[in-house]
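Student: Below: one structure in structure tokens.
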Amino acid sequence: MKLTPYGKLVRTHRMDQGVTLKEMSGALGVSPAFLSSIETGRKSIPQGLVEKTVQYLELDLDERGALEMAAEQSKREFKINMPMGTAPGDREIAAMFARQFPEMSEEQKEKLRALLEGRHA
112 MKLTPYGKLV
122 RTHRMDQGVT
132 LKEMSGALGV
142 SPAFLSSIET
152 GRKSIPQGLV
162 EKTVQYLELD
172 LDERGALEMA
182 AEQSKREFKI
192 NMPMGTAPGD
202 REIAAMFARQ
212 FPEMSEEQKE
222 KLRALLEGRH
232 A
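Numbering-wise, the working numbering comes out as the position in the sequence shown, counting from 1, plus 111.
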């Protein structure tokens with residue numbers, strides 16, 4: 112069973128505090144099976160669960176930041192907000208990116224990263 116970055120971090124904090132999956136799931140208002148599915152990436156992290164986890168585990172600011180970053184790294188899907196009036200060409204670019212990303216080579220991804228970071232590859 113492979114854990115996501117979020118799952119690894121939550122499980123580490125939970126175990127360090129001696130909290131069982133069942134105890135934590137009850138406190139967060141989800142089933143143990145659902146929480147386990149989140150840790151392993153079979154389910155997406157629902158809105159608000161990261162904040163509830165931070166509060167339940169009483170994480171400090173650095174730990175909170177690390178957990179939020181791990182949650183971002185664990186996402187399987189990302190939403191691109193397209194406000195009213197977005198040009199059709201911009202929508203087409205977003206759709207092309209979504210379709211083609213899974214097949215992009217590491218070299219293409221690195222070039223894209225460089226472009227987005229404002230450096231030249």
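Even for Gly, the Cβ is constructed at its ideal location relative to N, Cα and C.
Which of the three DSSP states is assigned to E169 in this structure?
Tutor: coil
Student: Ordered along the chain, which non-local residues of its own chain (more than five positions away) have a Cβ less than 6 angstroms from that of Y90?
Tutor: Nothing about residue 90 can be reported from this structure: the residues present for the chain run from 112 to 232 only.
Student: Have a look at T123 and M195 and give me their C-alpha separation to the nearest angstrom.
Tutor: Whole-angstrom Cα-Cα distance: 43 angstroms.
Student: If T115 and T151 are in contact, beta carbons under 8 angstroms, what's the gap, nearest whole angstrom?
Tutor: About 7 angstroms; that satisfies the 8 angstroms criterion.
Student: Determine the DSSP secondary structure at G140, reduced to helix, strand or coil.
Tutor: coil
Student: Would you kindly work out how many angstroms separate the C-alpha atoms of A209 and L146, rounded to a whole number?
Tutor: 28 angstroms
Student: Taking all protein chains shown into account, decide if M207 is buried (16 or more other Cβ within 10 angstroms of its Cβ) or exposed.
Tutor: exposed
Student: Please state the DSSP three-state secondary structure of G159.
Tutor: coil
Student: Would you kindly report the start and end of the unbroken alpha helix (DSSP H) that includes L227?
Tutor: E217 to L227
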